[in-house]
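Heads up: the sequence shown begins at 6 in the UniProt record's numbering, then just goes up one per residue. These notes are about the structure you will find just below.
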Amino acid sequence: NTRIVLAARPQGRPKPGDFRIETVDVVQPGEGELLLQILYLSLDPYMRGRMNATKSYAKPVDVDGVMEGGTVARVVRSRHAGFVEGDIVLSHSGWQSFALSDGVGLRKLDPAAASVTTALGVLGMPGFTAYAGLLTIGQPKPGETVVVAAARGAVGSAVGQIARIKGARAVGIAGGTNKCAFVRNELGFDAVVDHRPDDFAEQLKTACPDGIDIYFENVGGHVWDVVFPLLNEFARVPVCGLIAQYNAIADAGVDRLPTLMQQVLHRSLTIRGFIQREFVDQRPAFYREMVDWIASGRVRYREDVVDGIEKAPQAFLGLLEGRNFGKLIVRIAE
Ligand code: NDP
6 NTRIVLAARP QGRPKPGDFR IETVDVVQPG EGELLLQILY LSLDPYMRGR
56 MNATKSYAKP VDVDGVMEGG TVARVVRSRH AGFVEGDIVL SHSGWQSFAL
106 SDGVGLRKLD PAAASVTTAL GVLGMPGFTA YAGLLTIGQP KPGETVVVAA
156 ARGAVGSAVG QIARIKGARA VGIAGGTNKC AFVRNELGFD AVVDHRPDDF
206 AEQLKTACPD GIDIYFENVG GHVWDVVFPL LNEFARVPVC GLIAQYNAIA
256 DAGVDRLPTL MQQVLHRSLT IRGFIQREFV DQRPAFYREM VDWIASGRVR
306 YREDVVDGIE KAPQAFLGLL EGRNFGKLIV RIAE
């Protein structure tokens with residue numbers, strides 16, 4: 006069993022030495038257990054938070070512990086009544102090539118219904134995050150302007166496409182010409198703006214002539230600073246992620262909270278954070294609708310698949326710097 010463990014808690018931006026690759030024996034399942042061979046590992050921004058010791062909405066990974074993560078796996082040995090060898094399941098087995106499971110929390114996947122990797126992306130946690138956050142908190146209405154950052158990413162690409170299905174105008178923000186071209190031409194957003202050039206603020210203003218009614222926040226940092234003045238009265242801001250801040254060591258800079266609160270009041274803004282699992286009761290509806298939207302071509306997706314578990318640390322570091330092109334997945338076995 007090849008596995009990747011947290012070697013040290015990162016200070017600021019993580020480095021390859023914060024991870025360690027290990028080989029250990031594969032343990033055979035006991036009564037009521039299964040042995041899983043991991044086929045695909047999902048790499049997601051939340052994993053950066055798990056590397057810190059600080060308290061958050063979830064428990065940190067222990068130093069020397071296996072890095073956490075969502076996986077698609079094959080049952081290779083079953084001593085559990087609910088599963089047979091050959092079943093393909095969605096599990097949360099982490100960064101390793103084999104894992105034991107007691108069956109709790111596993112979901113069987115039907116490879117004939119959809120490519121199994123979609124269970125980690127557009128039909129899985131990131132797609133659901135987009136759906137629940139946008140529809141429940143954002144509540145897009147026809148003609149409104151919805152802006153989403155990290156628009157080429159797993160969550161952002163779904164947000165913009167769902168906004169358009171609801172009749173809203175979708176404006177994406179992405180880093181670099183290739184990502185922007187993909188968001189505009191392949192995902193069909195109404196407009197897209199690159200956040201890297203110096204004239205980003207002017208470009209976003211031009212792309213949003215009627216201001217912004219919903220800003221789906223995925224990044225924070227300099228993107229938020231540019232979006233904030235453009236928010237309309239009664240704008241809604243689902244706060245989904247703040248990836249630009251995940252490597253921050255401490256709060257720095259001037260205190261802008263009084264200005265923020267004043268504007269929340271004057272413009273009647275709704276700013277609401279969420280963690281997708283709080284909307285768990287919407288999962289069946291999400292799944293039904295998303296399957297239809299994909300089948301009818303209204304939602305498109307493309308995954309960024311990296312080969313080999315040993316590549317996971319580098320790929321993850323790239324995700325934090327925007328080097329991924331869509332939902333980032335590591336193929337561990339066929
Ligand atoms: P992505 O596939 O979108 O990858 C992350 C992207 O963030 C990068 O590709 C990059 O895109 C962008 N980015 C990174 N650093 C910066 C920066 N400093 N400034 C601007 N953009 C930056 O990831 P996901 O779709 O998986 O996740 C998107 C967000 O949603 C994350 O913040 C994540 O933590 C959050 N999330 C929250 C959940 C919840 O329950 N609340 C659940 C799932 C995800 P680019 O090159 O275009 O800048």
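Glycine is no exception: its CB is placed at the ideal position from the N, C-alpha and C atoms. Remember, predicted model here, so these are calculated numbers, not experimental data.
Three-state secondary structure (DSSP) of residue 64: coil
Top-ranked residue by Cα proximity to residue 90, from 163, 108, 242 and 283: 108
Proximity test, residue 131 beta-carbon vs ligand 1 heavy atom, cut-off 7 Å: yes
Distance cut-off 7 Å: residue 167 Cβ against heavy atoms of ligand 2: Annotation note on ligand 2: not contained in the displayed structure, which lists ligand 1 as its ligands.
Beta-carbon spacing of residue 299, residue 127 below 8 Å: yes
Residue 59: CB within 7 Å of a non-hydrogen atom of ligand 1: no
Closest residue to residue 177 among 83, 151, 170 and 167 (Cα-Cα distance): 151
Cβ pair count under 8 Å reaching 3, the stretch 183-197 against the stretch 238-252: no
C-beta atoms of residue 96 and residue 122 nearer than 8 Å: no
Beta-carbon separation (whole angstroms), residue 217 vs residue 232, contact threshold 8 Å: 6 Å
Three-way DSSP call (helix, strand, coil) for residue 28 in this model: strand
3 or more residues per run - each beta strand (DSSP E) lying fully within the stretch 188-214: 196-199
Buried or exposed (CB count within 10 angstroms, at least 16 for buried), residue 234: exposed
Three-state class that DSSP yields for residue 121 in the structure shown: helix
Whole alpha helix (DSSP H) elements within the stretch 254-325, 4-residue minimum: 262-271, 288-300 and 317-325
Residue interval of the alpha helix (DSSP H) (run including residue 136): 130-137
Residue of 310, 291 and 320 minimising C-alpha distance to residue 138: 291
Residue of 208, 261, 220 and 254 minimising C-alpha distance to residue 277: 220
Cβ-heavy atom distance, residue 223 to ligand 1, below 7 Å: yes
Opposing strand residues paired with residue 177 [DSSP bridges]: 153 and 197
Cβ neighbours of residue 15 in the same chain (closer than 7 Å, five flanking residues each side left out): 23 and 56
beta-carbon residue 51 near ligand 1 non-hydrogen atom, thresh 7 Å: yes
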